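Heads up, the thing below is written out as structure tokens.
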Amino acid sequence: MLKVAEDRSIPPEVYNWRVYVLAGMAAFGAFMFGYDAGFLGGTLALPSFGDEFFPGGSTGSHPTESANIVTVYQLGALAGSLMAYPITEYLGRTAGIFFAGVMNVVGASMQVATSQSTGLGLFYAGRVIAGLGVGAVSMCVPIYIAEISPTAIRGRLVSFYEVALQVGGLIGFWIPFGVNQGISGSIPKQWRIPVGLQLVPAGILCIGVFFLVESPRWLLKRGRTAQAVENLAWLRHLPTTHPYITTEVAAVRDAISLEAGASHNRGRWSTVKEILLRGNRNRLATGMTLMAFQNLTGINAINYYSPTIFKSLGVNGTSTGLFSTGIYGVVKTVCTLIFCFFVIDRVPRRTILMIGAIGGALSMYYIGAYIAIAKPAEGKNLGGGGISAIAMIYIFAVFYCFSWNGTPWVIASEIYPVTIRGVCMAITAATQWIFQFAISRATPYMVNSFGYGTYLFFGSWMIIMLFWTYFFLRETKGVSLEQMDELFGLKTVYRERDDAESKVEDICVEKTDDVTASEGSIGSKFGLQKNSA
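The numbering used here applies: residue 260 is where the sequence shown begins, and numbers increase by one.
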């Protein structure tokens with residue numbers, strides 16, 4: 260297995276405030292995603308929402324409508340993740356991010372405008388359109404951040420996506436609790452406030468995108484070398500003529516040439532054929548599997564239906580359920596911040612995922628066993644076992660946030676070749692939304708019909724994740740974007756091609772040798788030596 264750190268000796272200017280600010284601004288798209296996951300379950304539980312749309316009943320007595328409100332959003336996100344591909348591929352990464360912000364503004368506005376007279380149809384439509392925006396975010400933002408990041412801190416910067424998602428979720432968890440405490444359930448603005456707050460991060464994203472610089476890797480792929488060099492120099496806080504800049508540009512251009520050479524003269528299906536190369540199809544399978552497994556942890560079942568989940572454990576009352584949900588959001592946010600700044604670039608990705616799978620499985624198994632034995636019900640005393648089961652929800656959140664929360668997005672954003680990164684990330688993000696849709700759609704029925712079996716189901720999947728990670732996942736920590744071809748065996752595939760394609764490879768190998776020589780000269784200039792990890 261390839262285990263390398265960034266080979267070039269790195270000027271300290273590379274780790275500057277600019278990449279952090281741009282990563283944080285782009286991550287506001289994830290804030291939209293997180294806020295939705297946080298606010299929706301609590302908003303559906305508000306008395307005012309039930310009175311508005313289900314007179315004489317409550318949202319809980321209409322599981323089909325509850326599931327529809329959640330899942331039409333995910334269907335929109337699925338479509339948005341695919342629609343974003345041609346935008347980011349042909350217009351740029353920042354254009355895709357702007358599209359995401361606009362869609363969320365339009366969708367949130369439609370949701371706020373919904374009333375009893377319009378019916379839920381307008382709300383559903385707004386959810387779909389907002390979903391288009393969040394789906395685009397899931398495809399565009401991780402790619403953008405990965406492409407502007409120095410290798411050594413790429414994991415940390417891509418983790419900003421998850422930090423923003425969790426901060427959005429934290430705020431989303433507490434807003435319904437606050438309006439439930441401070442605003443009468445008979446007033447419609449009780450539910451409109453949390454819905455309308457979706458406009459804040461969406462608006463910030465729409466404005467902030469004008470301060471982002473376009474990805475240098477995308478510019479090089481489109482042949483806009485001068486602008487790419489200028490943008491990269493600005494990001495690295497170095498002159499355009501600095502050896503570090505010329506070396507990084509050369510490495511990216513060589514990777515593009517190598518990858519493009521493998522698909523040269525293969526006609527209109529060249530992209531499909533390139534994806535199906537052994538080294539590339541392995542990467543796509545890895546990204547898709549990670550996204551499927553992330554949802555099969557059960558995390559989105561808890562995110563979207565946390566009041567229902569806590570009720571199934573014996574937590575009584577709307578306020579108590581919303582408070583428990585808010586604490587869950589705090590735990591997730593704190594753990595994600597620690598993960599982002601102190602874990603992701605220090606611990607191997609595989610180790611993180613395996614530890615998370617073990618801890619998450621044990622937590623889910625305990626919860627399932629408690630429900631099977633104690634049979635908790637509303638009005639029944641929780642007892643020590645019930646309190647422990649609630650604690651296990653929080654312990655599950657800790658293990659999840661240190662593992663399967665941000666790591667799949669980090670790995671997916673870094674493993675694909677630049678020539679097909681957009682389409683592969685679109686497929687990967689679409690997989691995320693397909694599984695979110697399936698799990699979110701099924702969760703209310705699973706909790707009501709299967710009870711403890713729901714938690715045993717998710718726990719068993721985490722055991723499967725443990726073995727898959729151990730036997731099949733390759734370690735990507737410290738591997739540059741341009742070295743992923745070697746890690747996934749794509750260069751071996753190139754060597755097996757016919758003589759014409761071998762010539763392309765030989766040219767690229769010669770260029771790589773030149774780059775390596777350049778790196779050595781840079782190292783001597785700065786008095787630093789190469790290291791490996």
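Even for Gly, the Cβ is constructed at its ideal location relative to N, Cα and C.
Quick caveat, the model's predicted, so the values are computed rather than measured.
Does the Cβ of residue i have 16 or more other Cβ atoms within 10 Å, making it buried, or fewer, making it exposed?
i: R537; result: exposed
i: T347; result: buried
i: P314; result: exposed
i: F696; result: buried
i: E272; result: exposed
i: G428; result: buried
i: K634; result: exposed
i: A296; result: buried
i: L740; result: buried
i: A514; result: buried
i: N707; result: exposed
i: I611; result: buried
i: I407; result: buried
i: P345; result: exposed
i: Y704; result: exposed
i: P498; result: exposed
i: T377; result: exposed
i: I674; result: buried
i: G643; result: exposed
i: L517; result: buried
i: D758; result: Any reading at D758 is ruled out, since the residue's pLDDT is 41, under 50, leaving its predicted position unreliable.
i: F290; result: buried
i: I723; result: exposed
i: Q742; result: buried
i: Q425; result: buried
i: Q457; result: buried
If contacts are defined as beta-carbon pairs under 8 Å, then residue i and residue j qualify, I think. What distance do you get, rounded to the angstrom?
i: F661; j: F726; result: Contact doesn't hold; Cβ gap of about 19 Å is too wide.
i: Y711; j: G627; result: 4 Å
i: T530; j: R608; result: The Cβ separation is near 27 Å, so there is no contact.
i: C465; j: G360; result: 4 Å
i: V454; j: Q375; result: Their Cβ separation, rounded to whole angstroms, is 15 Å, which puts V454 and Q375 out of contact at 8 Å.
i: V387; j: G444; result: V387 to G444, Cβ: 28 Å. No contact.
i: I670; j: T595; result: Not a contact, Cβ separation roughly 16 Å.
i: I412; j: N559; result: Going by Cβ atoms, the distance from I412 to N559 rounds to 28 Å, so no, they are not a contact pair.
i: V508; j: L491; result: 6 Å
i: T584; j: F432; result: 5 Å
i: A354; j: A395; result: The pair is not a contact, with the Cβ atoms about 10 Å apart (cut-off 8 Å).
i: F292; j: S397; result: 7 Å
i: E324; j: L381; result: Actually they are not in contact, since the Cβ atoms of E324 and L381 sit about 14 Å apart, beyond 8 Å.
i: Y403; j: I356; result: 7 Å
i: L549; j: A648; result: Not a contact, Cβ separation roughly 28 Å.
i: W663; j: V417; result: Their Cβ separation, rounded to whole angstroms, is 15 Å, which puts W663 and V417 out of contact at 8 Å.
Roughly how many angstroms lie between the CA atoms of residue i and residue j, to the nearest whole one?
i: G588; j: T500; result: 47 Å
i: P460; j: R512; result: 35 Å
i: A685; j: A620; result: 29 Å
i: Y332; j: T505; result: 44 Å
i: A479; j: P676; result: Sequence inspection shows Leu at residue 479; the Ala mentioned does not correspond to that position. Rounded to the nearest angstrom, the two C-alpha atoms are 13 Å apart.
i: N275; j: K532; result: 39 Å
i: R825; j: L715; result: Within the shown structure, residues of the chain are numbered from 260 to 792, placing residue 825 beyond reach of any answer.
i: W528; j: R700; result: 35 Å
i: V438; j: S307; result: 10 Å
i: I781; j: S268; result: Annotation note: pLDDT 33 at I781 (below 50); position unreliable, no value reported.
i: Q691; j: N554; result: 7 Å
i: V738; j: A405; result: 12 Å
i: A338; j: C399; result: 14 Å
i: L341; j: I693; result: 12 Å
i: Y503; j: F747; result: 26 Å
i: S719; j: I463; result: 40 Å
i: D744; j: A656; result: 34 Å
i: R733; j: I646; result: 39 Å
i: G681; j: Y349; result: 10 Å
i: M362; j: A372; result: 16 Å
i: P409; j: F312; result: 50 Å
i: A631; j: P401; result: 40 Å
i: T678; j: F287; result: 26 Å
For residue i, would you say it is in contact with chain B, using Cβ-to-Cβ distances shorter than 8 Å as the test?
i: S376; result: Protein chain content of the structure displayed is limited to a single chain, and chain B is not contained in it.
Is it true that the stretch 413-422 meets the stretch 468-485, where meeting means three or more beta-carbon pairs spaced less than 8 Å apart?
no
Tell me, please, whether the stretch 270-289 touches the stretch 447-459 by the rule of three or more beta-carbon pairs shorter than 8 Å.
Short answer: they don't touch.
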